[in-house]
Amino acid sequence: MRSSSNRPTMQDVADKVGVSKATVSLVFRKAPGVGDDTRRAVMAAADELGYRMNRTAALMTARRSHLIGVVAQISNSFHAEIAEALVAAADRAGYEIVLGAVTPTHGETRVVETLRDFRCEGMLLIGPELDTASIEEFAEEVPTVVLGRRIASAAVDVVRTNDGKGIAAVVDHLVGLGHTQIVHVAGGPGSIAADRRAGFLRALRHHGISADDALVEAESFTEDAGMAASRALLSRELPTAVVCANDRLAIGVLDELRRAGVAVPQQVSVTGYDDSVMARLSNVDLTTVSQQPHAQADRAVDAVVSRLDGHRTERSVVTLVPELVVRGTTSAPRER
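Read in the UniProt record's numbering, the sequence shown has 44 at position 44, and its numbers run on one by one without any break.
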């Protein structure tokens, strides 16, 4: 019988299925000891009754939270795509994701501390800009996985793609089209930007192309920084191709070039890195590099769960192969 409250309770779900309240609690906590048929029946009854578990109350009584914190920059569409994939991967593993949004007023350290206050058992950091010592400090408290960035720490697991190979694939593509005047718009002082910058310079040397004046240093990985870099390029003789350290920079470069009347790709080819949602829009159609966000998400959740449930102690480092995605912002250079 339905309780006197208008809001359905765990006991209402138990009565509908014909099991104990303790069994329903096990199902909602995704604990072992309940058969698949019973689990499905409990979840179906909860949906039918409109029952929603009181997460706060559950956390107060449970020894484990089964929560994984994710730290991401909400202004970065690539981070958002990985976060969405992480939610799906965590659900398959019996965990829930708590998203911590990095903003200009909420830095990464503050976000991590908030997630720890929510009793997150593990931490996934997407492209963090924190120094290694700070990340190691977090890893001493909870299992921590860094996505998308190389980090040398025995305490931190890593899942990333090989940025050097990704940028080299872009340069190979441009050289194959006939470009020799190629400039890289780097993304600031961070380690991700450093790896992509180094990969670009190695690729130029491999093709015997001079690296003189081949770098434009942007302040960050943002669209505004890309626009500023584009203005710097417009103040000198334009290269025939611009390799940007990420898609956001590339979109800023594209916008400024087009405002100046420069035809892309007829006059200047432009590439990005990340294969973000914006890059796939028809009016952007950006040649870029996929970092395999779904594969990264799956491997990152596997890594944190293997520490939490499998008691793994040795470090895990997964390096995936990035994939060049050719679209409409690159073509053979036009004679000048």
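Note that CB positions come from ideal geometry on N, CA and C, so glycine has one too.
None of the values given here were measured: they were computed from a predicted structure.
* What three-state label does DSSP hand S4 in the structure shown? -> Indexing the sequence shown from 1 puts residue 4 at position 4. Low confidence applies here, because S4 scores a pLDDT of 44, under 50, leaving its location unreliable and the question unanswered by this model.
* How many whole angstroms separate the CB atoms of E81 and S282, which I take to be in contact at a CB cut-off of 8 Å? -> Counted from its first residue, the sequence shown places residue 81 at position 81. Counted from its first residue, the sequence shown places residue 282 at position 282. Actually they are not in contact, since the Cβ atoms of E81 and S282 sit about 18 Å apart, beyond 8 Å.
* **Own chain partners of R2 with C-beta closer than 6 Å, once the 5 adjacent residues on each side are dropped** => Along the sequence shown, one-based indexing puts residue 2 at 2. The predicted model places R2 with a pLDDT of 49, which falls under 50 and marks its position as unreliable; any figure quoted below should be read in that light. Cβ neighbours of R2 beyond the five flanking positions: D12.
* Is the CB-CB distance between V301 and A90 below 7 Å? -> Mapped onto the sequence shown, residue 301 falls at position 301. Mapped onto the sequence shown, residue 90 falls at position 90. A contact, by the Cβ cut-off of 7 Å.
* Asked: Expressed to the nearest angstrom, what Euclidean distance is found between the alpha-carbon atoms of I151 and A198?
  -> By 1-based counting over the sequence shown, the position of residue 151 is 151. By 1-based counting over the sequence shown, the position of residue 198 is 198. For I151 and A198, the distance between alpha carbons rounds to 16 Å.
* **Sheet register partners of Q292 (DSSP bridge)** => Within the sequence shown, residue 292 is the residue found at index 292, counting from 1. For Q292, which the question treats as bridged, DSSP gives no partner whatsoever.
* In three-state DSSP terms, what is Q266? -> Looking up residue 266 in the sequence shown gives position 266. If DSSP states are grouped into helix, strand and coil, Q266 belongs with coil.
* Give the straight-line distance between the Cα atoms of R280 and R63, rounded to the nearest whole angstrom. => Taking the first residue of the sequence shown as 1, we reach residue 280 at position 280. Taking the first residue of the sequence shown as 1, we reach residue 63 at position 63. Approximately 44 Å, taken between the alpha carbons.
* Taking contact to mean at least 3 C-beta pairs separated by less than 8 Å, is the segment 232 to 242 in contact with the segment 164 to 183? -> yes
* Which runs of the beta strand (DSSP E) spanning at least 3 residues fall entirely within the segment 108 to 160, listed in chain order? -> 122 to 126, 144 to 147
* To do: Confirm, please, whether the CB-CB distance from F221 to G187 is below 7 Å.
  => Locating residue 187 in the sequence shown gives position 187, counting from the first residue. Locating residue 221 in the sequence shown gives position 221, counting from the first residue. Cβ distance < 7 Å, so G187 and F221 count as in contact.
* CB-CB under 7 Å to K16, same chain, minus the five flanking residues each way: which ones, in chain order? -> Locating residue 16 in the sequence shown gives position 16, counting from the first residue. Result list for K16: A45, L49, in chain order.
* Fully enclosed by the UniProt domain "HTH lacI-type" (8 to 62), which alpha helix (DSSP H) runs are 4 residues long or longer? -> 10 to 17, 21 to 28, 36 to 49, 55 to 61
* Asked: With distances taken from CA atoms, which of P333, P322, T313 is nearest P143?
  -> Taking the sequence shown and counting its residues from 1, the one referred to as residue 143 is at position 143. Among P333, P322, T313, the Cα nearest to that of P143 is on T313.
* **Distance between A245 and L233 (C-alpha atoms, nearest Å)** => For this step, residue 233 is matched to residue 233 along the sequence shown. For this step, residue 245 is matched to residue 245 along the sequence shown. Cα to Cα, the separation comes out at about 15 Å.
* **Span separating the alpha-carbon of P32 from that of D247** => On the sequence shown, position 32 is the one that residue 32 refers to. On the sequence shown, position 247 is the one that residue 247 refers to. Distance between the alpha carbons of P32 and D247: 44 Å.
* **Nearest candidate by alpha-carbon position, reference I182, set V98, G164, I209, R160** => Stepping through the sequence shown from its first residue, residue 182 is reached at position 182. It is I209 whose Cα lies nearest to the Cα of I182.
* **Whole-angstrom C-beta distance between S153 and I167, which should lie under 8 Å** => Numbered from 1 along the sequence shown, position 167 holds the residue referred to as residue 167. Numbered from 1 along the sequence shown, position 153 holds the residue referred to as residue 153. Their Cβ separation, rounded to whole angstroms, is 24 Å, which puts I167 and S153 out of contact at 8 Å.
* Roughly how many angstroms separate the alpha carbons of S77 and I68, rounded to a whole number? -> Taking the sequence shown and counting its residues from 1, the one referred to as residue 77 is at position 77. Taking the sequence shown and counting its residues from 1, the one referred to as residue 68 is at position 68. Approximately 21 Å between the Cα atoms of the pair.
* **Stretch-stretch touch, CB-based, cutoff 8 Å, three pairs: the segment 100 to 112 with the segment 303 to 313** => no
* To do: Given a cut-off of 7 Å, decide if V289 and Y273 are closer than it, judged by their beta-carbon atoms.
  => Against the sequence shown, residue 273 aligns to sequence position 273. Against the sequence shown, residue 289 aligns to sequence position 289. Yes.
* Comparing alpha-carbon positions, which option in R315, A41, E256, L125 lies nearest A155? -> The sequence position of residue 155 within the sequence shown is 155, counting from 1. When each option's Cα is compared against that of A155, the closest is R315.
* Asked: With C-beta atoms as the reference, is L201 less than 7 Å away from A194?
  -> On the sequence shown, position 201 is the one that residue 201 refers to. On the sequence shown, position 194 is the one that residue 194 refers to. Not closer than 7 Å, so no.
* To do: Using DSSP bridges, identify the partner residues of H66.
  => As a position in the sequence shown, residue 66 is number 66, starting the count at 1. H66 is not bridged to any residue.
* Asked: What separation, rounded to the nearest whole angstrom, lies between the Cα atoms of I192 and R7?
  -> What you label residue 192 is simply residue 192 of the sequence shown in a count that begins at 1. What you label residue 7 is simply residue 7 of the sequence shown in a count that begins at 1. Rounded to the nearest angstrom, the two C-alpha atoms are 49 Å apart.
* Pairwise C-alpha distance: G94 and V170 -> Residue numbering aside, residue 170 sits at position 170 when the sequence shown is read from its first letter. Residue numbering aside, residue 94 sits at position 94 when the sequence shown is read from its first letter. Each residue's alpha carbon lies about 39 Å from the other.
* Under the three-state reduction of DSSP, which class applies to H206: helix, strand or coil? -> Against the sequence shown, residue 206 aligns to sequence position 206. Helix at H206.
* **Rounded separation between V71 and L124 - CA only** => The sequence position of residue 71 within the sequence shown is 71, counting from 1. The sequence position of residue 124 within the sequence shown is 124, counting from 1. Spanning the two alpha carbons is a distance of roughly 6 Å.
* Since G100 contacts L86 with CB under 8 Å, what's their CB separation in whole angstroms? -> As a working note, residue 100 is residue 100 in the sequence shown. As a working note, residue 86 is residue 86 in the sequence shown. That pair is no contact at about 12 Å.
* Asked: Sorted by chain position, which residues of the same chain lie with C-beta nearer than 7 Å to T103's C-beta, five sequence neighbours on each side aside?
  -> The residue given as residue 103 occupies position 103 in the sequence shown. Closer than 7 Å at Cβ, skipping near neighbours: I74.
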